[in-house]
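See below for the structure under consideration.
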Amino acid sequence: MTNRLIRPPALIYLPHIESTNDFLSALLAKSEPKPGTAITADFQAAGKGRFGKKWHSEPGMNLLLSVLLTPDFLKAREVFFLNMLLSVTVCEVLQKKLPTHSDRISVKWPNDILVDDKKICGLLIQNGFSGDKIQTSIAGLGLNVNQTQFEHFPGGLQPVSMSILAGKNLETRDLLFEVIQELFQNFEDARENREEFRTRYLSLLHGCHSVLQFQNRTDINFKMLGKVVDIDDSGKALFDDGNFRKWISIDDWKMLVG
Ligand code: BTN
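In terms of our numbering, the sequence shown opens at residue 102 and continues consecutively.
What follows is the structure, encoded as structure tokens:
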């Protein structure tokens, strides 16, 4: 996107839809929505999580949002930077809205947003590439706002919501505008100073300040203890056990929390 994003050129509200990410993807296939176009819904009949899982969310309770980004300052191999962008955005909004929990908000590599070891938000970013460029990016997020009971929560982490932590319900509409505004501001910040932005992501990263366990995905008995000291733009983590450092991939290693 060459023009500075200030507010969404279009904000489409749908009471009921299969998936906001899929809706935006279909819109892209048949028209030319402007960068920054945002889709939100009260309910998704087929909300999508990562790794082909479903994202369940009770009607009207949570923030379900997909935003179209065209990150012209990133190459295809740097696509993970968008996860950093969205993760920092959600964490910073949460820090403002939940000030008493501020220092317990973190990102679990690669991009689950946690408060104390519980998941409060999931991100699903779907990209369209053209050669070495990222042509379009659908930045989807599901933020648990007012839901208090979770029957189907994917991914093995315990769920939590903002209302559970705040002890009161919050306005999803206010959050919608705050997240979009913060996302656009961060998009510009990241374009101007990527390294400064990476530092912001690292400061929020679980395991950056404390030793954690990592489990090998092919041999689940193979575990290693250490910190993450860096993340590159492709999403690889620089693992440090105090004696040696190596770059590890999310395809091979899982960060254990709790
Ligand atoms: C995950 O943690 O598995 C990612 C969950 C992402 C859910 C959001 S809700 C809005 C957007 N539309 C979808 O279908 N999925 C994402």
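A virtual CB, placed ideally from N, CA and C, is assigned to each residue, including glycine.
Within its chain, find whatever has a CB closer than 6 Å to the CB of Val92; leave out the 5 residues flanking it on each side and keep chain order.
Here the chain covers residues 102 to 359 and nothing more, so residue 92 does not appear.
Would you report the Cα separation of Ile239 and Leu125, rounded to the nearest angstrom?
Those two C-alpha atoms are separated by around 7 Å.
Can you have a look at Tyr114 and say buried or exposed, based on whether 16 or more other CB atoms are within 10 angstroms of its CB?
The residue is exposed, with fewer than 16 neighbouring Cβ atoms inside 10 Å.
Roughly how many angstroms separate the alpha carbons of Phe288 and Leu186, rounded to a whole number?
Cα to Cα, the separation comes out at about 7 Å.
From Ala267 to Ile281, what does the alpha carbon distance come to, in whole angstroms?
Those two C-alpha atoms are separated by around 22 Å.
Using the three-state DSSP reduction, which class does Arg299 fall into: helix, strand or coil?
Helix at Arg299.
Between the CA atoms of Arg346 and Leu128 - distance to the nearest angstrom:
Each residue's alpha carbon lies about 44 Å from the other.
From Tyr302 to His117, what distance separates their C-alpha atoms?
Tyr302 and His117: Cα-Cα distance of roughly 33 Å.
State the DSSP-derived secondary structure class of Glu185, mapped to helix, strand or coil.
The identity of residue 185 in the sequence shown is Met, whereas the question assumes Glu. Judged by DSSP in its simplified three-state form, Met185 adopts helix.
For Gln286, does the three-state DSSP call read helix, strand or coil?
Residue state, collapsed to three classes: helix.
Close Cβ partners of Ala147 (< 6 Å) along its chain, the five nearest in sequence each way excluded:
So the list reads Glu119 and Ser120, once near-sequence residues are dropped.
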